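Below you'll find the structure, written out as structure tokens, and then a few comments.
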Amino acid sequence: MGMLKEFKEFAMRGNLVDIAVAFVMGASFGKIVTSFVDGVVMPVVGMLTGGVDFNDKVLVLKDAVAEVKDASGAVITKAAEEVSIKYGSFITNVLDFIIVAFVVFLVIKGINKMKAPPEAAAPAGPSESEKLLAEIRDSLKKV
Numbered sequence: 034m035g036m037l038k039e040f041k042e043f044a045m046r047g048n049l050v051d052i053a054v055a056f057v058m059g060a061s062f063g064k065i066v067t068s069f070v071d072g073v074v075m076p077v078v079g080m081l082t083g084g085v086d087f088n089d090k091v092l093v094l095k096d097a098v099a100e101v102k103d104a105s106g107a108v109i110t111k112a113a114e115e116v117s118i119k120y121g122s123f124i125t126n127v128l129d130f131i132i133v134a135f136v137v138f139l140v141i142k143g144i145n146k147m148k149a150p151p152e153a154a155a156p157a158g159p160s161e162s163e164k165l166l167a168e169i170r171d172s173l174k175k176v
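Converting from the sequence shown to the working numbering requires adding 33 to each position, the first position being numbered 1.
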């Protein structure tokens with residue numbers, strides 16, 4: 034029973050709820066950024082690079098092979114899928130990550146700025162009257 038009570042206290046403390054809300058917001062924000070990159074940024078980049086669609090960019094390591102039959106109808110080779118590196122999709126995902134990371138950086142920077150205590154002004158040195166009073170005090174100590 035103690036473990037269940039401890040879990041309830043942990044869950045109701047607010048940290049778990051905050052994390053759940055942040056997770057849902059982050060997932061939604063990720064979808065928005067992906068949509069922004071795919072629908073707005075990449076078409077502009079494609080236009081600037083001469084109509085290149087980065088999602089279609091691949092480096093083919095091995096071409097697909099279809100089924101080949103000899104004259105008697107016997108199968109010589111079987112179908113094999115193309116083996117390729119999809120670097121265009123990788124570039125798009127890296128751009129997504131950079132945008133999300135930059136926005137998170139800005140949010141954290143804003144939060145830290147709001148949390149930071151105002152910088153206290155450096156204490157000023159003693160005024161002329163305080164210096165004079167200190168001299169009088171020191172003179173009276175000598176007498």
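For each residue, glycine too, the CB sits at the ideal point set by N, CA and C.
These numbers were taken from a predicted model, which means no experiment stands behind them.
As assigned by DSSP and simplified to three states, the class of residue i
{"i": "Ala97", "result": "coil"}
{"i": "Val116", "result": "strand"}
{"i": "Lys148", "result": "helix"}
{"i": "Lys164", "result": "helix"}
{"i": "Lys90", "result": "coil"}
Alpha-carbon to alpha-carbon, residue j and residue i
{"i": "Glu100", "j": "Val93", "result": "19 angstroms"}
{"i": "Ile141", "j": "Asp171", "result": "53 angstroms"}
{"i": "Leu81", "j": "Phe130", "result": "21 angstroms"}
{"i": "Lys38", "j": "Val73", "result": "50 angstroms"}
{"i": "Asp89", "j": "Met58", "result": "30 angstroms"}
{"i": "Phe69", "j": "Ile52", "result": "25 angstroms"}
{"i": "Pro150", "j": "Val136", "result": "24 angstroms"}
{"i": "Glu114", "j": "Asp71", "result": "27 angstroms"}
C-beta atoms of residue i and residue j nearer than 8 angstroms
{"i": "Val78", "j": "Val133", "result": "no"}
{"i": "Ile118", "j": "Val91", "result": "yes"}
{"i": "Lys95", "j": "Val116", "result": "yes"}
Residue i classed as buried or exposed, judged by whether at least 16 other C-beta atoms fall within 10 angstroms
{"i": "Val54", "result": "exposed"}
{"i": "Leu128", "result": "buried"}
{"i": "Met75", "result": "buried"}
{"i": "Phe87", "result": "buried"}
Within-8 angstroms CB hit, residue i to chain C
{"i": "Pro159", "result": "As a matter of chain content, chain C is missing from the structure shown, which is built from one protein chain."}
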